[in-house]
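Engineer:
Protein chains: 2
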Amino acid sequence: MSQNGAIPRHERVLTVDTMNPNVKKVEYAVRGPIVQRAVQIEKELKEGVKKPFEEVIKANIGDAHAMGQRPITFFRQVMALCAYPKLLDDNKFPEDVKNRARRILQACGGNSIGAYTTSQGIDCVRQDIANFIKRRDGGVPSDSDNIYLTTGASDGIATVLKLLTAGEGRTRTGVMISIPQYPLYSAAIAELGAVQVNYYLNEEKCWSLDISELERSLKAAREYCNPRVLCIINPGNPTGQVQSKQCIEDVIRFVAKENLFLMADEVYQDNVYAEGCEFHSFKKLLFEMGPEYSNKVELVSFHSTSKCYMGECGFRGGYMEVINMDPDVKAQLIKLVSVRLCPPAPGQALMDLVVNPPQQGEPSYNTFIKERTDVLRDLAEKAKLTEEILNTVPGISCNPVQGAMYSFPRIDLPERAIKEAEARSQAPDMFYCMTLLEETGICLVPGSGFGQKDGTYHFRMTILPPTDKLKILLNKLKEFHEKFTKQYS
Amino acid sequence: MSQNGAIPRHERVLTVDTMNPNVKKVEYAVRGPIVQRAVQIEKELKEGVKKPFEEVIKANIGDAHAMGQRPITFFRQVMALCAYPKLLDDNKFPEDVKNRARRILQACGGNSIGAYTTSQGIDCVRQDIANFIKRRDGGVPSDSDNIYLTTGASDGIATVLKLLTAGEGRTRTGVMISIPQYPLYSAAIAELGAVQVNYYLNEEKCWSLDISELERSLKAAREYCNPRVLCIINPGNPTGQVQSKQCIEDVIRFVAKENLFLMADEVYQDNVYAEGCEFHSFKKLLFEMGPEYSNKVELVSFHSTSKCYMGECGFRGGYMEVINMDPDVKAQLIKLVSVRLCPPAPGQALMDLVVNPPQQGEPSYNTFIKERTDVLRDLAEKAKLTEEILNTVPGISCNPVQGAMYSFPRIDLPERAIKEAEARSQAPDMFYCMTLLEETGICLVPGSGFGQKDGTYHFRMTILPPTDKLKILLNKLKEFHEKFTKQYS
């Protein structure tokens, strides 16, 4: 016992030395040290500390509402009625809002959104999701038995990776993920003690996916683990690319040939901006390729309420569709998810509205279409603006932001800046982003948090700030980059 | 490729033979085979299949709203305003409802409950929770830095167990849990590959906790693992006991002496019914025992929106308070929870209302107090009714339901019934409950799903059905037990 009565470290049961070693290996840059410093700076500003800027602009995370995007009226009206059903008697609400709320409540135990739902998710919500997928995929059938509601897409991804993790040493499950990647993947892999297998996206070809690189990566991985699963994010996070039909078909052929389980993270499916780009779901193309593939390839596709035009991150809604999963494994999956009882019912209700929005002729239709169109048009404009302004800066090169919500530009860093970063034991792009934050209040995430080719440096920036703010941000960034380059040259 | 084009099992990537072996070991009786059969029977009834009963009565899970309990008006009004803030202009809602909604929205990014919150939970919610704990515990201080919002209590419990799991073979973390236990614990332990260490509650003394039994269990466990953590559920699930002040103090002395991490599941803290019983939080008693303990014992306490008088399970709200946790481990915990971004914002808002309900003098106060009192009085009546009727049945003996939402009566099963169960490869109490379900429509959970002393048989039954339905249920159960006993004698 130390003098002041506090526990000396060595007596504690749980210390960094005695805790779960896999948890220690987890890293999550999107909410890492740079974001923690940003929160601190915000507090300092509030306390009156003088800074060379008035506010912190957070372009580190795909959090649309926090950046001022308004919720879709129809969605929130239904949610209000689900929370407080007495409003069903209020003549202020349109009939389609009331009908949708009634339908959801009738599917809940005791007609309350406060009851547990079945662990797989509310029956009628799963049915609506299956109908949505069928419509989206030009008639390819979808079975509600294959739909599982989740607590955001992250929950679903981590759950499927958990099912897939087995073996020890050289037989340990390897998980192929793109580099750059969204760090949920590396974090889940580290936590599970699975093996991370990297394949690199081709920055020179707009972050496209080369099958030859998948082959290289797989071959190398087979030397030290059992690679069983390929993860793809399309549209891409953090790289904003939209994969072509050809590429997706090639990937499906590849996993079929190599006997890999396929995980398709398709949470940005409505976020496609670039001319000539289109979202193709893995499910649709799989079925178009014929029974040779559609009866064989094990695929899970993930969706969420958090992205697209709605940006409802706080509700933690999402679903996954499993294709060709062994029925016995499905039983295990249901057992596993039942331990957490159910995904949040409000998130399930919201997911239902996303897949079953107002229809033509319904009173809320026009407003809904206008709100959705406005958001997606704004995002498309901001995607273009971001690319254009960044590419005017010497030493920054930015691929077109074809989709999703991020740009991932490459930055040239002077040798002396790299040395300075080393002296501070920081990754060079972390040093760059931290300096940017301290000097301008702009909060970005260093490329090293997502992975990048050795010797290259990047940052991820969301395109979510309102247009006027985004312009200020981009111009401040331009100024900063020029100053930084000069200072360290 | 088989004739119909489906994948032959051995070609699949993910099969029961190749999946995560720890997941296979998970069991979760509360939503196990008996509940799946109940759902099936409900469907059959709907389809017109003739049964000896008209409806399935689910007394398997602590799901108050599903059993007809009404939500607390104030909570739901605030939730509606948070979902659709335009209602703030509606003069139908009382001022305290509006103020509470405004306060929550102001703490959300972009004033929207659709934004991500900080991973630890909304600042002002954590502050309100700390104030609540301080009030509840007679002034013992609580620091909002020690509060973490969770996705229901289950999420928090699984997260803390994850932090604690380390070592291999004889050094693997052992987790002491009561038998009978709530199967979330055994499931989380199995999933993590930790070691389950059982200690038995004393059925003869109303499911109390004997320190000598903890000592026996710990000593035995030290032979084959590294027992590091003791889990207590108080009030008890599935056994409904309320631990005495003396017992809790003894437990604290025990964990201090034996250097164990203490996890206190206190989600039923308002559900205390029996005369002479009172809820004592571990935190309060720890601090009353003086710095020798309060500066030493590592404690995490869990709470939830799902139980007590509100029963808001669907929102998946909850929090945990960590005491004496190593600051470096807290940093690891924050990193770990940040991978899932944040607990659902509506659940956080609801948790805020639970810890900060209407105050005397506010317009919603009287209604709130009436609603809360009514629910808790009803539950107390049903607790008594359950015990009384069950104890009139020869071959059933039921301890007083002092608290929580369950009775866990012991049932005598005739030798021939046990043989019959063996012939069907079922646990005897599973056979009993399954027969009960098929013949009466009553859905209970067999004691074997929670653990029990060898050679004893029990079931868990919630006290949640409305009083008139509960009486019917108990009388049908009585009739069934007599018939079953006769049939197999």
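Quick note, the sequences are listed as chains A and B, same order.
Numbering of the first sequence is given in UniProt numbering, commencing with residue 1 and proceeding in unit increments.
Numbering of the second sequence is given in UniProt numbering, commencing with residue 1 and proceeding in unit increments.
C-beta atoms are modelled at their ideal positions from N, C-alpha and C, and glycine is treated no differently.
For the alpha helix (DSSP H) that contains glycine 347 of chain A, what are its first and last residues?
Structural biologist: Where glycine 347 of chain A is concerned, the enclosing alpha helix (DSSP H) stretches over 345 to 355.
Engineer: Per DSSP, glutamate 321 of chain A forms a beta bridge with which residues?
Structural biologist: Paired residue(s): A:Ile147 and A:Ser301.
Engineer: Go ahead and pull the three-state DSSP assignment for valine 337 of chain B.
Structural biologist: Helix, per DSSP.
Engineer: Is proline 346 of chain A close to chain B? Criterion is C-beta to C-beta, closer than 8 Å.
Structural biologist: True, the Cβ-Cβ gap to chain B drops below 8 Å.
Engineer: Quick one: which residues of the segment 355 to 387 of chain B get their C-beta closer than 7 Å to a C-beta of chain A? List them in chain order.
Structural biologist: If the cut-off is 7 Å between Cβ atoms, the segment 355 to 387 of chain B has nothing near chain A.
Engineer: Where are the beta strand (DSSP E) runs, 3 residues long or more, that stay fully inside the segment 453 to 488 of chain B, in chain order?
Structural biologist: The segment 453 to 488 of chain B contains these whole beta strand (DSSP E) runs: 459 to 462.
Engineer: Rounding to the nearest angstrom, what Cα-Cα distance links proline 357 of chain A and methionine 351 of chain B in this structure?
Structural biologist: Their Cα atoms are separated by approximately 30 Å.
Engineer: I'd like the ranges of any alpha helix (DSSP H) spanning at least 4 consecutive residues and lying wholly in the segment 247 to 321 of chain A.
Structural biologist: Segments of the alpha helix (DSSP H) lying fully in the segment 247 to 321 of chain A: 282 to 288 and 291 to 294.
Engineer: Could you give the residue range of the alpha helix (DSSP H) that holds arginine 216 of chain B?
Structural biologist: Run containing arginine 216 of chain B: 211 to 221, per the alpha helix (DSSP H) assignment.
Engineer: Tell me the DSSP secondary structure of threonine 173 of chain A in three-state form.
Structural biologist: Looking at threonine 173 of chain A - three-state DSSP - the assignment turns out to be strand.
Engineer: So what's glycine 403 of chain A in DSSP terms, helix, strand or just coil?
Structural biologist: Glycine 403 of chain A falls in the strand class under three-state DSSP.
Engineer: Based on Cα-Cα distance, which residue from A:Ile61, A:Phe74 and A:Leu464 lies nearest to arginine 372 of chain A?
Structural biologist: Minimum Cα distance to arginine 372 of chain A is reached at A:Phe74.
Engineer: What number of angstroms, rounded off, separates the C-alpha of lysine 335 of chain B from the C-alpha of arginine 31 of chain A?
Structural biologist: If you take the alpha carbons of lysine 335 of chain B and arginine 31 of chain A, they lie about 8 Å apart.
Engineer: What is the DSSP secondary structure of valine 78 of chain B, reduced to helix, strand or coil?
Structural biologist: It is helical.
Engineer: Which residue wins for smallest C-alpha separation from serine 212 of chain B, given the options B:Cys247, B:Tyr224 and B:Ile389?
Structural biologist: Of the candidates B:Cys247, B:Tyr224 and B:Ile389, the one whose C-alpha sits nearest the C-alpha of serine 212 of chain B is B:Cys247.
Engineer: Residues in its own chain within less than 6 Å of valine 195 of chain B by CB, not counting five upstream and five downstream?
Structural biologist: For valine 195 of chain B, where only same-chain residues beyond five positions count, the Cβ hits under 6 Å are Arg172, Gly174 and Cys225.
Engineer: Taking only three categories from DSSP, how would you classify tyrosine 182 of chain A?
Structural biologist: Coil, per DSSP.
Engineer: For phenylalanine 93 of chain A, which option in A:Glu362, A:Glu422 and A:Asp137 has the closest C-alpha, if you only look at C-alpha atoms?
Structural biologist: Cα-wise, what sits closest to phenylalanine 93 of chain A is A:Glu362.
Engineer: Are the segment 422 to 438 of chain A and the segment 132 to 146 of chain A in contact at 8 Å, needing three or more beta carbon pairs?
Structural biologist: Taking 8 Å as the limit for Cβ pairs, the verdict is that the segment 132 to 146 of chain A does not touch the segment 422 to 438 of chain A.
Engineer: Can you find a C-beta in chain B that's less than 8 Å from the C-beta of valine 125 of chain A?
Structural biologist: It does not; no Cβ of chain B falls within 8 Å.
Engineer: Determine, using beta carbons only, whether methionine 79 of chain B comes closer than 8 Å to chain A.
Structural biologist: Yes, because at least one Cβ of chain A sits closer than 8 Å to the Cβ of methionine 79 of chain B.
Engineer: Select from the segment 321 to 339 of chain B all residues with a C-beta closer than 8 Å to any C-beta belonging to chain A, and list them in chain order.
Structural biologist: Residues Asn324, Met325, Asp326, Asp328, Val329, Gln332, Lys335, Leu336, Ser338 and Val339.
Engineer: By the 10 Å Cβ neighbour count, where 16 or more other Cβ atoms means buried, how is aspartate 96 of chain B classified, buried or exposed?
Structural biologist: Buried is the call here.
Engineer: Enumerate in chain order the residues of its own chain whose CB-to-CB distance from arginine 9 of chain A is below 8 Å, with the five nearest sequence positions on each side excluded.
Structural biologist: Reliability of the predicted coordinates at arginine 9 of chain A is poor, the pLDDT of 49 falling under 50, and the value obtained from them is presented with this limitation in mind. Excluding sequence neighbours, arginine 9 of chain A sits near Thr15.
Engineer: Can you pull the chain A residues whose beta carbon is under 8 Å from the beta carbon of phenylalanine 287 of chain B, in chain order?
Structural biologist: Per Cβ cutoff of 8 Å: no residues; phenylalanine 287 of chain B is ~13 Å from chain A at best.
Engineer: What is the residue span of the alpha helix (DSSP H) that leucine 163 of chain B lies within?
Structural biologist: Where leucine 163 of chain B is concerned, the enclosing alpha helix (DSSP H) stretches over 152 to 164.
Engineer: How long is the line joining the alpha carbons of threonine 165 of chain B and valine 329 of chain B, rounded to whole angstroms?
Structural biologist: Approximately 13 Å, taken between the alpha carbons.
Engineer: Which residues share a DSSP beta bridge with lysine 58 of chain B?
Structural biologist: Answer is B:Cys443.
Engineer: What residue does the alpha helix (DSSP H) around cysteine 231 of chain B start on, and which one ends it?
Structural biologist: Element bounds for cysteine 231 of chain B: not the alpha helix (DSSP H) but the beta strand (DSSP E), 226 to 233.
Engineer: So which residues of chain D does threonine 165 of chain A contact, with C-beta pairs closer than 8 Å?
Structural biologist: The chain inventory of the structure shown lacks chain D, comprising the protein chains A and B.
Engineer: Return the first residue and the last residue of the beta strand (DSSP E) that valine 197 of chain B is part of.
Structural biologist: Per DSSP, valine 197 of chain B belongs to the beta strand (DSSP E) from 195 to 200.
Engineer: Give the DSSP-derived three-state secondary structure of serine 208 of chain B in the structure shown.
Structural biologist: DSSP places serine 208 of chain B in strand when its eight states are reduced to three.
Engineer: Bridge partners of arginine 410 of chain A, per DSSP?
Structural biologist: According to DSSP, arginine 410 of chain A bridges with A:Ser397 and A:His458.
Engineer: Establish whether the CB of cysteine 231 of chain A and some CB of chain B are separated by less than 8 Å.
Structural biologist: No, because no Cβ of chain B sits closer than 8 Å to the Cβ of cysteine 231 of chain A.
Engineer: When you compare only the Cα positions, how much space is there between proline 21 of chain A and aspartate 412 of chain A?
Structural biologist: The straight-line gap from Cα to Cα measures roughly 36 Å.
Engineer: Let me see if you follow: with CB-CB separation under 8 Å, is alanine 187 of chain A close to chain B or not?
Structural biologist: With 8 Å as the cut-off, alanine 187 of chain A counts as an interface residue toward chain B.
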